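The structure under discussion appears below in the form of structure tokens.
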């Protein structure tokens, strides 16, 4: 990054590591987007690391544009300070989204083949054991909060409530 910045006469004032999950494409960008000011330039390694789909990419670029901030992508050699750069950004964004869709499609096909061959079973369910039953009883008796129960069991919210529903169905509640 420092090389591309220095070759474009840009001073690096902050580095941000952006961790993008497939389910939350804008995760961790709040700090970065609020940090930039008029006249800044956001430099990224690749468009695919900045946004997961064209809609999100263009939305983020619009936010940057409103703040009068330029965008540079090192891998695709895109600079939005020129009309050509803006056009290329849209094209590369669409291509990155298409590539992502192909990857997901191939993954789904591979899982389907593995299932047919009996080699893919998915993630194992968290067993409803004695510990779960004890925590469940404490939670139902209002001795602990749902948040505390989730913490004690090491479960996320959705998993906890799914297990509660399964357990109650087993018990006939």
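In the numbering used here, the protein residues as written are 671 to 843. Glycine included, each C-beta is placed from N, C-alpha and C at the ideal position. Here the structure is a predicted model, which means the values were calculated and not measured.
Between the Cα of residue 734 and the Cα atoms of 712, 747, 760, which residue gives the shortest distance? Position 64 of the chain shown holds residue 734. The residue from 712, 747, 760 with its alpha-carbon nearest to that of residue 734 is 712.
Does the beta-carbon of residue 834 have 16 or more other beta-carbons within 10 angstroms, so that it is buried, or is it exposed? Counting from one through the chain shown, the residue named residue 834 turns up at place 164. Buried, because 16 or more other Cβ atoms sit within 10 Å of the Cβ of residue 834.
Assuming residue 764 and residue 724 make a contact with CB atoms under 8 Å, what is their CB distance in whole Å? What you label residue 764 is simply residue 94 of the chain shown in a count that begins at 1. What you label residue 724 is simply residue 54 of the chain shown in a count that begins at 1. The Cβ separation is near 5 Å, so the contact holds.
Collapsed DSSP secondary structure at residue 718 in the structure displayed: Residue 718 sits at position 48 when you count from the first residue of the chain shown. Reduced to three states, the DSSP call for residue 718 is helix.
Just to confirm, does residue 716 get its C-beta within under 7 Å of one of the non-hydrogen atoms of the ligand SAM? Judged by which ligands are present, the structure shown has none, so any question about the ligand SAM falls away.
My output table needs one value for residue 710: the three-state DSSP class, helix, strand or coil. The residue you call residue 710 lines up with position 40 of the chain shown. Look at residue 710 here: in three-state DSSP terms it is coil, with no helix or strand label.
Using beta-carbon positions only, say whether residue 748 and residue 730 come within less than 8 Å of one another. As a first step, residue 748 is located in the chain shown; it is residue number 78 there, counting from the start. As a first step, residue 730 is located in the chain shown; it is residue number 60 there, counting from the start. No, the Cβ-Cβ distance between residue 748 and residue 730 is not below 8 Å.
With 16 as the cutoff for other CB atoms within 10 Å, does residue 757 come out buried or exposed? Here residue 757 refers to the residue found at position 87 of the chain shown. Label assigned to residue 757: exposed.
DSSP on residue 841, reduced to helix/strand/coil? Numbered from 1 along the chain shown, position 171 holds the residue referred to as residue 841. Correct three-state label for residue 841: helix.
Measuring straight from C-alpha to C-alpha, what distance separates residue 640 and residue 766? Absent from the structure is residue 640, since the part of the chain shown begins at 671 and ends at 843.
Return the CA-CA distance between residue 801 and residue 794, expressed in angstroms with no decimal places. Residue 801 sits at position 131 when you count from the first residue of the chain shown. Residue 794 sits at position 124 when you count from the first residue of the chain shown. Near 18 Å, if we compare the C-alpha coordinates of residue 794 and residue 801.
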